[in-house]
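For what it's worth, numbering that gives the first Met the number 0 labels the leading residue of the sequence shown as 0, then goes sequentially.
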Amino acid sequence: MDYEAVIGLEVHAELSTRTKMFCACTVTDPAKSEPNSAVCPVCLGLPGTLPVINRQAVELGLRVALALGCTPLPRSIFARKNYFYPDLPKGYQISQYETPLAVNGKFTIRTVAGEKVIRIRRVHLEEDTGKLTHITQPQAYSLVDLNRAGVPLLEIVSEPDLCNPAEARAYAVKLQQLLRAIEASSADMEKGQIRFEANISLRPRGSQLLGTRTEIKNLNSFRSMERAITYEMQRQQEVLLSGGLVEQQTVGWNEDTGVTFPQRGKEEAHDYRYFPDPDLPPLVVDSAWLDRIRREMPDLPEERIRQFQQKYSVPLELAEQILADPWLEQFFLGCTSDILLAEETARWLIGPLAGELNARGIGWEANPLAPTNMADLLARLQTGSINQPMAKQLLKWMLDTGKNPEEIIAREGMVQVSDVDSLKTTIQAVLHAHPAEVSAYRKGKVSLAQWFFGQVMADTRGQADPKIVKMLLDELLTALMGGQLSD
Ligand code: ADP
Ligand code: MG
Ligand code: ZN
Numbered sequence: 000m001d002y003e004a005v006i007g008l009e010v011h012a013e014l015s016t017r018t019k020m021f022c023a024c025t026v027t028d029p030a031k032s033e034p035n036s037a038v039c040p041v042c043l044g045l046p047g048t049l050p051v052i053n054r055q056a057v058e059l060g061l062r063v064a065l066a067l068g069c070t071p072l073p074r075s076i077f078a079r080k081n082y083f084y085p086d087l088p089k090g091y092q093i094s095q096y097e098t099p100l101a102v103n104g105k106f107t108i109r110t111v112a113g114e115k116v117i118r119i120r121r122v123h124l125e126e127d128t129g130k131l132t133h134i135t136q137p138q139a140y141s142l143v144d145l146n147r148a149g150v151p152l153l154e155i156v157s158e159p160d161l162c163n164p165a166e167a168r169a170y171a172v173k174l175q176q177l178l179r180a181i182e183a184s185s186a187d188m189e190k191g192q193i194r195f196e197a198n199i200s201l202r203p204r205g206s207q208l209l210g211t212r213t214e215i216k217n218l219n220s221f222r223s224m225e226r227a228i229t230y231e232m233q234r235q236q237e238v239l240l241s242g243g244l245v246e247q248q249t250v251g252w253n254e255d256t257g258v259t260f261p262q263r264g265k266e267e268a269h270d271y272r273y274f275p276d277p278d279l280p281p282l283v284v285d286s287a288w289l290d291r292i293r294r295e296m297p298d299l300p301e302e303r304i305r306q307f308q309q310k311y312s313v314p315l316e317l318a319e320q321i322l323a324d325p326w327l328e329q330f331f332l333g334c335t336s337d338i339l340l341a342e343e344t345a346r347w348l349i350g351p352l353a354g355e356l357n358a359r360g361i362g363w364e365a366n367p368l369a370p371t372n373m374a375d376l377l378a379r380l381q382t383g384s385i386n387q388p389m390a391k392q393l394l395k396w397m398l399d400t401g402k403n404p405e406e407i408i409a410r411e412g413m414v415q416v417s418d419v420d421s422l423k424t425t426i427q428a429v430l431h432a433h434p435a436e437v438s439a440y441r442k443g444k445v446s447l448a449q450w451f452f453g454q455v456m457a458d459t460r461g462q463a464d465p466k467i468v469k470m471l472l473d474e475l476l477t478a479l480m481g482g483q484l485s486d
């Protein structure tokens with residue numbers, strides 16, 4: 000039997016508000032704030048307190064909803080989702096259940112097969128839980144930090160329209176970009192500001208029915224999500240092929256061992272005993288409010304990419320790559336003084352520079368280069384005072400030393416050698432030093448031309464003008480072949 004996968008994603012994103020969802024506590028950076036320093040009676044769940052809806056959270060949520068083409072509901076209801084866990088001081092989470100903020104949107108992703116529309120089921124507001132840290136040595140205990148308790152979360156739920164891990168990734172990546180572009184969430188995975196849950200089932204290929212699903216909780220990166228989905232598809236397939244039934248359950252993902260493990264039988268909604276929160280009025284959203292949110296909406300990524308592409312006349316993929324990361328975009332703008340060099344600049348940033356940063360484990364946000372220095376390097380490349388290999392070496396040294404091109408070029412004596420006579424001498428020396436290769440070349444192994452070229456460039460520490468070397472080498476090798484014919 001041939002099976003196909005059906006995947007639906009639930010994405011949680013922390014909204015970039017100043018304060019929490021239902022109280023005036025500041026939303027803090029968990030890495031920088033003292034545990035339990037940003038808390039108050041409301042988010043600690045003390046009796047006698049009353050929650051108040053955060054207007055900024057609602058506006059950011061609506062912004063996302065509108066950007067996803069959802070229909071906002073005129074009255075949405077906050078409900079209590081009851082369960083017991085030490086990170087949930089009230090004993091319930093305030094969330095939207097039957098009547099969410101917005102419903103029925105769509106989001107277009109790009110897949111290997113072309114564009115695909117993923118339907119959005121709902122977008123709703125809720126509050127985050129606190130954070131537990133489990134200590135095992137020398138004694139087992141857990142630490143509770145409630146700074147995150149009550150931070151506004153937006154949950155975006157897709158229809159089960161995704162078919163494979165790559166599509167799930169494309170969806171998640173594009174959603175992260177959207178959230179950032181409209182400044183609804185910083186969606187930083189390292190900070191846990193965006194988290195994924197993947198629902199997966201299999202069905203006989205071509206069937207219209209949905210199979211029984213499992214839900215993988217708490218996926219914190221695109222990579223874990225892809226790996227976990229791949230694993231779970233495989234596992235379910237084995238169960239089905241051996242004649243078993245997939246059990247509906249919630250599973251966890253172990254990043255180290257690369258397997259999913261059962262956490263609990265999937266709870267039914269009635270296990271949570273949802274009911275409307277009597278402390279909160281319905282959230283009323285009128286058309287005047289929506290109009291204002293539409294007017295204030297920052298440009299969506301597609302629109303920004305289109306404008307960027309036009310302004311700098313670069314290909315679409317290049318524009319997408321530069322705009323995929325705000326730090327990269329910022330850097331690009333900083334080093335693009337000459338619009339004619341825009342494409343060249345963009346290619347250098349996503350090519351050699353990205354490669355060097357990657358090799359050093361540095362992200363764009365920590366890129367140490369000054370944009371003016373990068374612009375300087377590219378200008379020298381453009382005028383031909385340095386060539387590609389030299390530029391790449393120069394870039395390495397700039398990253399290593401923090402010095403500017405001027406200083407490094409002076410210190411290393413980096414000048415492109417374009418002098419025909421001296422290059423001819425170098426090439427002849429190379430040919431002379433490698434008689435075996437020369438003879439192989441003469442016998443027809445013409446691919447060695449590239450190898451000779453490499454030797455000459457290496458002998459000149461990459462400083463030879465590659466165009467001139469190519470031309471001279473061609474001449475000399477042709478002469479060699481001529482010599483062979485006259486033998
Ligand atoms: P819950 O809130 O209990 O997780 P929902 O019905 O809201 O349940 O569904 C959550 C997610 O699961 C949605 O993204 C939906 O597309 C997806 N989903 C529902 N049924 C299936 C299924 N049979 N296979 C894969 N995904 C599914
Ligand atoms: Mg779910
Ligand atoms: Zn509070």
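Using N, Cα and C, we set each Cβ at its ideal position, and we do this for glycine too.
The structure presented is a predicted model; accordingly, all values stated were derived computationally and were not measured.
Beyond the five residues adjoining it in sequence on each side, Ala-390 comes within less than 7 Å, by CB distance, of Leu-376, Leu-380 in the same chain, given in chain order.
Per DSSP, reduced to three states, the secondary structure at Pro-203 is strand.
The DSSP assignment places 113-126, 130-134, 140-144 as complete runs of the beta strand (DSSP E) inside the stretch 110-147, in order along the chain (cut-off: 3 residues). In this structure, Arg-168 has its beta carbon at no less than 7 Å from each heavy atom of ligand 1. The stretch 244-261 makes contact with the stretch 207-218; the number of CB pairs closer than 8 Å reaches 3 or more. Distance from the CA of Lys-89 to the CA of Ser-36, rounded to the nearest whole angstrom, comes to 18 Å.
Pairwise C-beta distances place the stretch 109-124 in contact with the stretch 162-171, as three or more of them are shorter than 8 Å. In the DSSP assignment, Leu-282 forms a beta bridge with Ser-75. Ile-134 counts as exposed, since fewer than 16 other C-beta atoms from the protein chains shown sit within 10 angstroms of its C-beta. Distances from the CB of Cys-69 to the heavy atoms of ligand 3 are all 7 Å or more. Pairing Thr-371 with Arg-441, the inter-Cα distance amounts to about 48 Å.
The count of Cβ pairs closer than 8 Å, one atom from the stretch 219-236 and one from the stretch 30-45, stays below three, leaving the stretches out of contact. The count of Cβ pairs closer than 8 Å, one atom from the stretch 71-83 and one from the stretch 100-111, reaches three, so the stretches are in contact. Rounded to whole angstroms, the gap between the alpha carbons of Met-188 and Glu-301 is 22 Å.
Taken through DSSP and simplified to helix, strand or coil, Asn-357 comes out as helix. Here Gly-453 carries a helix assignment [DSSP, helix/strand/coil]. With a 10 Å radius around the Cβ and a threshold of 16 neighbouring Cβ atoms, Gln-92 comes out buried. Placement of the Cβ of Arg-212 at a distance of less than 7 Å from at least one heavy atom of ligand 1 is found. Leu-14 carries a coil assignment under DSSP once its states are collapsed to helix, strand and coil. Taken atom to atom, the span from the alpha-carbon of Arg-460 to that of Ile-408 is near 13 Å. Check the Cα spacing between Arg-204 and each of Met-397, Gly-443, Tyr-2: the tightest is with Tyr-2. For Ile-426, the enclosing alpha helix (DSSP H) begins and ends at 419-432. Short note on Val-156: C-beta closer than 7 Å to some heavy atom of ligand 1. By the criterion of a C-beta distance shorter than 8 Å, Leu-299 is surrounded in its chain by Ala-66, Leu-177, Ala-180, Ile-181, once the five residues flanking it on both sides are discounted. Closest by C-alpha distance to Thr-18, out of Ile-6, Ala-358, Thr-27, is Thr-27. Per the DSSP secondary-structure output, Tyr-2 pairs in a beta bridge with Pro-203. The alpha-carbon of Leu-59 is positioned some 43 Å away from that of Leu-239.
When the five nearest sequence neighbours on each side are left out, the beta carbons in the same chain lying within less than 6 Å of the beta carbon of Ala-318 are those of Ile-304, Phe-307, Gln-308, in order along the chain.
If you ignore the 5 residues before and after Gln-462, its C-beta comes within less than 7 Å of the C-beta of Met-389, Met-413, Val-414, Gln-415, Val-416, all in its own chain and listed in chain order. At the C-beta level, Cys-42 and Ala-148 come within 8 Å of one another. Two segments are said to touch when three or more pairs of C-beta atoms, one from each, lie closer than 8 Å; by this definition the stretch 191-203 touches the stretch 0-14. Here the stretch 47-59 lies against the stretch 269-284, with 3 or more beta-carbon pairs under 8 Å apart. In this structure, the CA atom of Ile-119 is about 55 Å from the CA atom of Trp-450. When the alpha-carbon of Lys-31 is set against those of Leu-393, Ala-428, Lys-190, Glu-126, the nearest one is in Lys-190. Judged by DSSP secondary structure, Gly-251 falls within the beta strand (DSSP E) whose first and last residues are 248-253. The continuous stretches of beta strand (DSSP E) do not include Lys-173, which lies in the alpha helix (DSSP H) extending over residues 164-180.
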